[in-house]
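Novice: What the sequence shown shows, in the working numbering, is residues 9 to 259, in sequence order.
From the three backbone atoms N, C-alpha and C, an ideal C-beta is built for every residue, glycine too.
Note that the structure is predicted; figures quoted are calculated from it, not measured.
Let me begin by handing over the structure; questions about it come next.
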Amino acid sequence: FNIIPLVEFDRQLADLLWREGRPLHIIACTVDAVFAIIDAVIRHQDLKQGDTPAIRSKAVTDAASCRPEARELLKTQLLLKKPKRVLEIGTAVGYSSIYMTGFLSEDAQITTLELSEERTAEARTNIKQLGKEMQIQVICGDAAETLKELPDDTYEFAFVDAAKAQYIYYLPDVLRVLKPGGVIVSDNILQEGEVLESHFLVEKRNRTIHDRMREYLYVLTHDDRLETAILPVGDGMAISVVRELCKESVL
Numbered sequence: 009f010n011i012i013p014l015v016e017f018d019r020q021l022a023d024l025l026w027r028e029g030r031p032l033h034i035i036a037c038t039v040d041a042v043f044a045i046i047d048a049v050i051r052h053q054d055l056k057q058g059d060t061p062a063i064r065s066k067a068v069t070d071a072a073s074c075r076p077e078a079r080e081l082l083k084t085q086l087l088l089k090k091p092k093r094v095l096e097i098g099t100a101v102g103y104s105s106i107y108m109t110g111f112l113s114e115d116a117q118i119t120t121l122e123l124s125e126e127r128t129a130e131a132r133t134n135i136k137q138l139g140k141e142m143q144i145q146v147i148c149g150d151a152a153e154t155l156k157e158l159p160d161d162t163y164e165f166a167f168v169d170a171a172k173a174q175y176i177y178y179l180p181d182v183l184r185v186l187k188p189g190g191v192i193v194s195d196n197i198l199q200e201g202e203v204l205e206s207h208f209l210v211e212k213r214n215r216t217i218h219d220r221m222r223e224y225l226y227v228l229t230h231d232d233r234l235e236t237a238i239l240p241v242g243d244g245m246a247i248s249v250v251r252e253l254c255k256e257s258v259l
């Protein structure tokens with residue numbers, strides 16, 4: 009192996025060197041460069057796990073993919089919880105569902121909900137292409153409605169990554185369908201830091217999302233049924249555990 013000193017580099021160079029199996033030794037670099045290395049390493053690990061670059065690329069283009077560091081946190085939560093039934097809200101092109109199967113047992117099942125008919129069709133094609141159709145069920149429709157059709161106390165794990173302004177409306181049914189001890193992972197909760205700002209400092213077009221996300225985070229951290237950690241990973245992730253003995257709510 010060659011040791012390559014670098015002062016400046018970008019993600020493309022990091023990817024190229026890593027794919028060639030050449031380790032990176034950094035003498036001086038920016039913070040962005042450090043994150044570029046981390047990103048390249050994570051994506052290399054994804055490929056070893058059977059990741060699908062074409063589907064990931066499409067998901068990134070559509071802004072429908074977890075950031076690399078968020079995927080790592082999602083992965084560790086799945087490995088810790090070892091759920092047999094997983095609920096996902098926000099299928100997009102199927103990338104996250106496919107990614108999650110890499111860290112679940114072969115008999116685990118994922119139910120994923122998607123509003124767009126076009127994305128549902130694309131996700132089903134991607135899932136079938138990889139032979140995951142027996143493990144992943146895609147349901148098309150408004151999650152606020154399709155959630156109501158799911159049975160109580162069915163899932164051990166929920167990944168919420170859909171329309172941010174709707175999180176607060178999904179939560180009652182997510183809690184209903186989760187078993188006690190279940191885990192909720194909510195993605196993109198910090199809205200590039202805007203959620204921390206005053207309502208009046210946020211652009212008018214973003215205020216609805218801002219206000220509803222703040223309400224969602226308040227409920228996550230004040231509902232007696234939940235124990236929640238807010239983490240500055242990716243664009244913010246919340247990890248919530250449903251308490252075993254508490255069924256009453258502040259909702």
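What is the rounded straight-line gap between the Cα of GLY244 and the Cα of LEU186?
Specialist: Walking along the sequence shown from the start, residue 244 turns up at place 236. Walking along the sequence shown from the start, residue 186 turns up at place 178. If you take the alpha carbons of GLY244 and LEU186, they lie about 22 Å apart.
Novice: Tell me, to the nearest whole angstrom, how far the beta carbon of THR99 is from that of ARG127; I am working on the premise that it is less than 8 Å.
Specialist: Here residue 99 corresponds to residue number 91 of the sequence shown, with the count starting at 1. Here residue 127 corresponds to residue number 119 of the sequence shown, with the count starting at 1. Rounded, the Cβ-Cβ distance is 7 Å, consistent with contact.
Novice: What would DSSP say about ALA152, mapped onto helix, strand or coil?
Specialist: Reading the sequence shown from its first residue, position 144 is the one you call residue 152. Of the three classes helix, strand and coil, the one that applies to ALA152 here is helix, per DSSP.
Novice: What do you reckon, are the CB atoms on LEU82 and VAL193 nearer than 8 Å?
Specialist: For this step, residue 82 is matched to residue 74 along the sequence shown. For this step, residue 193 is matched to residue 185 along the sequence shown. Yes. Within cutoff.
Novice: LEU121 and ILE97: beta carbons closer than 8 Å?
Specialist: For the purposes of this step, residue 121 is identified with residue 113 of the sequence shown, where counting begins at 1. For the purposes of this step, residue 97 is identified with residue 89 of the sequence shown, where counting begins at 1. Result yes, Cβ atoms of LEU121 and ILE97 sit closer than 8 Å.
Novice: Taking its Cβ as the centre, do 16 or more other Cβ atoms sit within 10 Å of GLY189, making it buried, or is it exposed?
Specialist: Along the sequence shown, one-based indexing puts residue 189 at 181. Result: exposed.
Novice: Contact defined as beta carbons within less than 8 Å: I believe VAL94 pairs with ASN134. What is the distance between those atoms, to the nearest angstrom?
Specialist: Translated into the one-based positions of the sequence shown, residue 94 becomes position 86. Translated into the one-based positions of the sequence shown, residue 134 becomes position 126. Contact flag wrong, Cβ pair sits at about 17 Å.
Novice: Got a sec: is the Cβ-Cβ distance from ARG251 to anything in chain D below 8 Å?
Specialist: Of the chains in the structure shown, none is chain D; there is only one protein chain.
Novice: Could you compute how far the alpha carbon of THR154 sits from the alpha carbon of ILE147?
Specialist: Within the sequence shown, numbered from 1, the residue matching residue 154 stands at position 146. Within the sequence shown, numbered from 1, the residue matching residue 147 stands at position 139. Those two C-alpha atoms are separated by around 8 Å.
Novice: Between ILE217 and ALA246, is the Cβ-Cβ spacing less than 8 Å?
Specialist: As a first step, residue 217 is located in the sequence shown; it is residue number 209 there, counting from the start. As a first step, residue 246 is located in the sequence shown; it is residue number 238 there, counting from the start. Cβ distance not < 8 Å, so ILE217 and ALA246 don't count as in contact.
Novice: Where GLY5 and ARG132 are concerned, what is the direct C-alpha to C-alpha distance, given to the nearest angstrom?
Specialist: Because the chain spans 9 through 259 in this model, residue 5 falls outside it and cannot be assessed.
Novice: Whole angstroms are fine: how far does the CA of GLN137 sit from the CA of ARG184?
Specialist: For the purposes of this step, residue 184 is taken as residue 176 along the sequence shown, with counting starting at 1. For the purposes of this step, residue 137 is taken as residue 129 along the sequence shown, with counting starting at 1. Roughly 33 Å separates the two Cα atoms.
Novice: Near TYR163, what residues of its chain come up, given a Cβ to Cβ distance below 8 Å and the 5 sequence neighbours on each side ignored?
Specialist: Residue 163 sits at position 155 when you count from the first residue of the sequence shown. Cβ neighbours of TYR163 beyond the five flanking positions: PRO91, ARG93, VAL94, LEU95, THR119, VAL185, LEU186, LYS187 and GLY190.
Novice: Assuming PRO180 is part of the alpha helix (DSSP H), what are its boundary residues?
Specialist: As a first step, residue 180 must be located in the sequence shown, where it is residue number 172. Note, PRO180: alpha helix (DSSP H), 175-185.
Novice: Is ILE197 helix, strand or coil by DSSP?
Specialist: As a first step, residue 197 is located in the sequence shown; it is residue number 189 there, counting from the start. Coil.
Novice: Go to GLN137, then tell me how far its alpha helix (DSSP H) extends in each direction, as first and last residue.
Specialist: For the purposes of this step, residue 137 is taken as residue 129 along the sequence shown, with counting starting at 1. Per DSSP, GLN137 belongs to the alpha helix (DSSP H) from 125-137.
Novice: For TYR177, which residues in the same chain have their Cβ closer than 7 Å to its Cβ, ignoring the five residues on either side in sequence?
Specialist: For the purposes of this step, residue 177 is taken as residue 169 along the sequence shown, with counting starting at 1. Here the set comprises ALA152.
Novice: Between the alpha carbons of ALA171 and TYR103, how many angstroms are there, rounded?
Specialist: As a position in the sequence shown, residue 171 is number 163, starting the count at 1. As a position in the sequence shown, residue 103 is number 95, starting the count at 1. For ALA171 and TYR103, the distance between alpha carbons rounds to 17 Å.
Novice: Cβ atoms of LEU87 and PHE165: under 8 Å apart, would you say?
Specialist: For the purposes of this step, residue 165 is taken as the residue at position 157 of the sequence shown. For the purposes of this step, residue 87 is taken as the residue at position 79 of the sequence shown. Cβ distance not < 8 Å, so PHE165 and LEU87 don't count as in contact.
Novice: At the level of alpha carbons, what is the spacing between ILE238 and ASN196?
Specialist: Counted from its first residue, the sequence shown places residue 238 at position 230. Counted from its first residue, the sequence shown places residue 196 at position 188. Straight-line Cα distance between these residues: approximately 11 Å.
Novice: Starting from the C-beta of GLU125, find all residues in its chain whose C-beta is less than 7 Å away, skip the five residues before and the five after it, and write them out in chain order.
Specialist: Translated into the one-based positions of the sequence shown, residue 125 becomes position 117. These residues qualify, in order along the chain: CYS148.
Novice: How is VAL101 classed by DSSP in three states: helix, strand or coil?
Specialist: For the purposes of this step, residue 101 is taken as residue 93 along the sequence shown, with counting starting at 1. VAL101: coil per DSSP, three-state reduction.
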